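In my numbering, the protein residues as written are 4 to 220. All C-beta atoms in this analysis are idealised placements derived from N, C-alpha and C, irrespective of residue type, glycine included. Please read these numbers as outputs of a predicted model, since none were measured by experiment. Only one structure is covered here, and it is reproduced in the block below.
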Ligand code: AMP
């Protein structure tokens, strides 16, 4: 199974596409954002430390997120990893390369999901997620069939992220352009980059990602 990175600004659809790949190809989603939110909910010391940083939309330290990924890669064999929201800095990208080499694994593709900023604001500010199964919804473009009840699992626990506000989003976008977007050039230079149109219909985006995955080894 291939190991891939989904790269793109907040709201590009990385999480949505990662969840499809988990369902359809039994790949393993490694979302540092989800891991950090879990740490926050569990009330661990690390969770408390990162909560305010996340709420503002800033990046947490490389050391913390590299540690989270190291734990996951160490324990799991087989691969088929989807790195979602990691790496976000050049230091994280270097560390991931090293971790993959150390565990005898290979990165097969880096898929850039291209979107424009105006679309991101609209996507993010209406977004909510099922607390039961993680299905992603949107006030305007993809509401649940019955208000407040998940179409997939029937849970009535809908959650909105604390950092899905316009102000935090501005910071998240700035962090993305300053620190994460250089990774596009980094992986291009390594010959690993593919780009897909993240603004297309969800099924079309999934199709473009499938094409990249099927063309690899
Ligand atoms: P996400 O769910 O990927 O949008 O991540 C939510 C927040 O978690 C980000 O705005 C950061 O504060 C933090 N975060 C997630 N992944 C990383 C990462 N790889 N490096 C630094 N901070 C991260």
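Selection from the options that minimises the alpha carbon distance to residue i
i: residue 73; options: 104, 159, 46, 198; result: 104
i: residue 175; options: 12, 7, 6; result: 12
i: residue 106; options: 92, 77, 146; result: 77
i: residue 59; options: 86, 126, 166, 7; result: 166
i: residue 92; options: 180, 203, 199; result: 180
i: residue 155; options: 137, 195, 37; result: 137
i: residue 185; options: 211, 141, 95; result: 95
i: residue 200; options: 10, 14, 118; result: 118
i: residue 34; options: 46, 89, 54, 195; result: 89
i: residue 169; options: 141, 85, 127, 99; result: 127
i: residue 97; options: 203, 69, 108, 84; result: 69
i: residue 87; options: 141, 147, 39; result: 39
i: residue 29; options: 4, 46, 47; result: 4
Cut-off 6 Å between Cβ atoms - residues of its own chain near residue i, not counting five sequence neighbours on either side
i: residue 162; result: 132, 134
i: residue 15; result: 116, 118, 201
i: residue 49; result: 42
Buried versus exposed, by CB contacts within 10 Å (16 or more), residue i
i: residue 66; result: exposed
i: residue 51; result: exposed
i: residue 192; result: exposed
i: residue 101; result: exposed
i: residue 63; result: buried
i: residue 44; result: exposed
i: residue 53; result: buried
i: residue 36; result: buried
i: residue 55; result: exposed
Nonlocal neighbours in the same chain, by C-beta distance under 7 Å from residue i, ignoring five residues either side
i: residue 61; result: 174, 178
i: residue 159; result: 151, 152
i: residue 139; result: 18, 19, 130, 132
Does the stretch 9–24 come close enough to the stretch 108–122 that 3 or more CB-CB pairs lie under 8 Å? yes
Three or more C-beta pairs below 8 Å linking the stretch 121–129 and the stretch 203–216: no
Contiguous alpha helix (DSSP H) assignments of at least 4 residues, all confined to the stretch 31–78: 35–45, 48–59, 65–78
Which runs of the beta strand (DSSP E), 3 residues or longer, sit entirely within the stretch 121–209? 130–133, 139–141, 196–200
Residue ranges of each beta strand (DSSP E) run of no fewer than 3 residues wholly in the stretch 80–124, ordered along the chain? 84–87, 112–117
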